[in-house]
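Top line first, the protein sequences correspond to chains G and E.
Note that our numbering has the first sequence beginning at 1, numbered continuously upward.
Note that our numbering has the second sequence beginning at 161, numbered continuously upward.
Only one structure is covered here, and it is reproduced in the block below.
2 protein chains.
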Amino acid sequence: MLRADYPGQICSIAKALEVVGERWTLLIVRDVMNGNRRFGELQRGLGVARNVLSARLQRLVEEDILERRPYQSSPERYEYFLTEKGLDLWPALVALLAWGDRHSSEPNGPPMLIVHKVCGGKVNDRGICESCGEVLHARDARALPGPGVLAGQDEHLLPL
Amino acid sequence: MLRADYPGQICSIAKALEVVGERWTLLIVRDVMNGNRRFGELQRGLGVARNVLSARLQRLVEEDILERRPYQSSPERYEYFLTEKGLDLWPALVALLAWGDRHSSEPNGPPMLIVHKVCGGKVNDRGICESCGEVLHARDARALPGPGVLAGQDEHLLPL
DNA sequence: CCGAGTCGGTTGCTTGATGCAACCTTGTGT
DNA sequence: ACACAAGGTTGCATCAAGCAACCGACTCGG
């Protein structure tokens, strides 16, 4: 994807995509939002090549979307956390999730649910709690496995 | 970007990005939403390579995000229109636009404004009209050049 | 009637990003 | 002493993107 620069575009959508439009980038942000903070976790969870993951994390840190913090020394090991700028991507992720849910025709329902932490209500495509009506932000919500995963979770046992 | 498939991912964000996460795809959707419906318009406006644009348009039609309709015959010429599925991407585009606006520090303000057609109010990052509070959809809103472009519109004259 | 231009592509070639496996460093467990 | 973990880096093969040239059907000007 080159480095996803869109020369000549003066639109903020293009600007946003220059930063988060590269392959894997939004999925990395999603994973970090869900609590996967370490290189190995991200690599295994996503199945992304290690050099690519390394490049993306570096770029995300440079762009002030992630912050790299040591969680131990000798040997030094690091975790990645979302900055406020990174957390602000939440509405975009929620919108994409909702679009995928609506149009990918999963047999057993959505694989992932976003719920409002304080009231447990479902979060809609605008990041608004369906139950209490509040306009939410990243910290107000949590992701849970949805009916789509729960129903198919022993799928891989079938061939045995 | 390969063809943007994310094997093993069961999340709807990954599903969505398999379709609209390829380079140029979301910008094509944005342009069509803004009324650029023809191959040549899109190519000139985006600066994308013609073969790539051709491939993206084909994929978007296959995925039922765009519809290809003839607007004249002999020679046959086509226009691309958004389907309902395509129009449903509007909240995601609005969220990305808002994120880009907030974090790209444009000197003269945002280059593009989204306004509610019926009341003229500004649309926020959730696709909600700031003026009347209505939760909007693609057809309820319109894009206008913002202060960022208007202020810099004769920029290209400087070298002369 | 001929040449130039328009529109919507396709083809061939080059460049650059991605995928994959191997390796490195620092340290722990046995 | 050996294997293993974490967090990467390096080298190489492959695949997608960028670029320019071309094509077919038609219009317009002279």
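Idealized CB from N, CA, C, for every residue including glycine.
For arginine 102 of chain G, the closest alpha carbon among the candidates G:Leu53, G:Ser131, G:Gly148 and G:Glu63 is that of G:Gly148. Within chain E, the residues whose beta carbon sits less than 7 Å from that of serine 104 of chain G are Ser172 and Lys175, listed in sequence order. Under the three-state reduction of DSSP output, isoleucine 225 of chain E falls in the coil class, being neither helix nor strand.
Sequence-ordered contacts of the segment 284 to 306 of chain E with chain G read Asp285, Arg286, Gly287, Ile288 and Val295 [C-beta pairs closer than 8 Å]. Glycine 293 of chain E sits exposed, since fewer than 16 C-beta atoms from the chains shown fall within 10 Å of its C-beta. In the DSSP annotation of this structure, the continuous segment of the alpha helix (DSSP H) that includes valine 32 of chain G starts and ends at 25 to 33.
In this structure, the straight-line span from the alpha carbon of glutamate 79 of chain G to that of alanine 95 of chain G is close to 27 Å.
Close to chain G, meaning a Cβ-Cβ distance shorter than 7 Å, are the following residues of the segment 236 to 255 of chain E: Lys245, Asp248, Leu249, Pro251, Ala252, Leu253 and Ala255. By the rule that beta-carbons nearer than 8 Å mark a contact, valine 149 of chain G touches chain E. Arginine 237 of chain E and aspartate 224 of chain E have their C-alpha atoms some 20 Å from each other.
Non-local C-beta neighbours of arginine 37 of chain G in its own chain, meaning closer than 7 Å and more than five positions away in sequence, comprise Glu79, Tyr80 and Phe81, ordered along the chain.
The C-beta of glutamate 182 of chain E has 16 or more other C-beta atoms within 10 Å across all chains shown, which makes the residue buried.
The closest CA to that of lysine 15 of chain G, considering only E:Val278, E:Leu186 and E:Leu304, is found on E:Leu186.
A direct Cα-Cα distance of roughly 27 Å separates glycine 47 of chain G from arginine 139 of chain G. Against chain G, the beta carbon of glycine 260 of chain E has neighbours under 7 Å at Ser12, Ile13, Lys15 and Ala16, listed in chain order.
The beta-carbon of proline 110 of chain G is placed less than 8 Å from the nearest beta-carbon of chain E.
Here the C-alpha atom of lysine 122 of chain G lies approximately 18 Å from the C-alpha atom of alanine 252 of chain E. DSSP places proline 305 of chain E in the uninterrupted beta strand (DSSP E) bounded by 301 to 305. For arginine 229 of chain E, no chain G residue has a Cβ inside 9 Å of its Cβ, as the nearest lies near 21 Å away.
Between leucine 217 of chain E and isoleucine 13 of chain G, the C-beta gap is not smaller than 8 Å, which leaves the two residues out of contact. Listed along chain E is no residue with a C-beta nearer than 7 Å to that of leucine 57 of chain G; the closest approach is about 17 Å.
Residues of chain G whose Cβ lies closer than 8 Å to the Cβ of leucine 257 of chain E are, in chain order, Cys11, Ser12, Ile13 and Ala16. In the displayed model, leucine 296 of chain E falls within coil according to three-state DSSP, outside both helix and strand.
When secondary structure is reduced to three states using DSSP, valine 275 of chain E falls in the strand class.
Of all residues in the segment 183 to 208 of chain E, only Arg183, Leu186, Leu187, Arg190 and Gly207 place a beta-carbon less than 7 Å from a beta-carbon of chain G. Take lysine 117 of chain G, set aside five residues on each side of it, and the residues of its chain with a beta-carbon closer than 7 Å to its own are Asp140, Ala141 and Arg142, in chain order. Setting aside the 5 residues that flank it on each side, isoleucine 128 of chain G is surrounded in the same chain by Val135, each with a C-beta closer than 6 Å to its C-beta; the list follows chain order.
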